[in-house]
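First the structure, in the form of structure tokens, and then the observations on it.
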């Protein structure tokens with residue numbers, strides 16, 4: 007497993023940040039970085055009144071796709087997603103990713119910590135995911151700062 011995290015500060019409340027993350031229309035603001043593709047479109051399947059269990063079907067600008075399922079949710083504090091059903095070639099390298107958003111309100115600002123775990127399927131996956139993680143971390147840093155800015 008490969009893990010990393012990025013942080014950003016925001017004047018936006020944790021509750022509003024969570025609402026924005028659950029807005030599938032906002033996801034195309036993820037532009038990627040280097041070989042990491044940006045997001046083209048997202049559809050959302052909700053499981054009733056709770057955000058828990060919500061599945062986002064993601065299509066990327068390069069034609070690849072994956073699903074992100076909300077597996078833990080505490081409004082204004084935490085969103086944890088299970089990323090899986092990767093299309094080729096990532097499906098040969100990774101079993102799943104786990105993404106976690108933590109929000110902490112401090113001194114009239116919100117500190118956002120976005121963590122990622124990449125779970126490889128095999129030795130080759132472990133090697134290539136280490137390289138991919140360098141670009142993915144830069145993409146997530148840029149995107150987290152964009153979300154924090156409220157743009």
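Numbering (my numbering), first residue to last: 7 to 157. We treat Cβ as the ideally placed atom computed from N, Cα and C, and that holds for glycine. Here the structure is a predicted model, which means the values were calculated and not measured.
Note to self: With a threshold of 7 Å on Cβ separation, who are the neighbours of residue 27 within its own chain once the five nearest residues in sequence on each side are excluded?
What the structure shows: Close CB contacts of residue 27 within its chain, under the 7 Å cut and outside five residues either way in sequence, are with 85 and 107 (chain order).
Next item on the list: Using 10 angstroms around the beta-carbon of residue 74, count the other beta-carbons present and answer buried if the total reaches 16, otherwise exposed.
Entry: buried
Check: How far does the beta strand (DSSP E) with residue 80 in it reach, from first residue to last?
Finding: 71 to 80
Check: In this structure, does DSSP put residue 108 in helix, strand or coil?
Finding: strand
Notebook entry, point to check: residue 137 by DSSP, collapsed to three states: which one?
Noted result: helix
Notebook entry, point to check: When you compare each of 38, 37, 32 and 44 to residue 50 by their alpha carbons, which one comes out closest?
Noted result: Comparing Cα positions, the closest option is 32.
Notebook entry, point to check: Between which two residues does the beta strand (DSSP E) carrying residue 26 extend?
Noted result: It is not in any beta strand (DSSP E) - residue 26 instead sits in the alpha helix (DSSP H) that spans 20 to 27.
Next item on the list: Check each candidate in 112, 81, 93 and 45 and name the one with the smallest Cα separation from residue 24.
Entry: 81
Notebook entry, point to check: Using the rule of at least 16 other Cβ atoms within 10 Å of the residue's Cβ for burial, across every protein chain shown, is residue 112 buried or exposed?
Noted result: Exposed, because fewer than 16 other Cβ atoms sit within 10 Å of the Cβ of residue 112.
Margin query: For residue 51, report the span of its beta strand (DSSP E) as first-last.
Written below: 45 to 53
Checklist line | Beta-carbon contacts of residue 79 that lie in its chain and below 7 Å, excluding the five residues immediately before and after | finding: 57, 58 and 85
Check: How big is the Cα-Cα spacing for residue 35 and residue 44?
Finding: 8 Å
Check: residue 99 lies in the beta strand (DSSP E); which residues open and close that run?
Finding: Where residue 99 is concerned, there is no enclosing beta strand (DSSP E), given that its DSSP letter is neither H nor E.
Check: Counting pairs of Cβ atoms below 8 Å between the segment 124 to 142 and the segment 11 to 22, do you hit three or more?
Finding: no
Margin query: Excluding the 5 residues flanking residue 46 on each side, which residues of the same chain have their C-beta closer than 8 Å to its C-beta?
Written below: 34, 65, 66 and 67
Note to self: Taking only three categories from DSSP, how would you classify residue 17?
What the structure shows: coil
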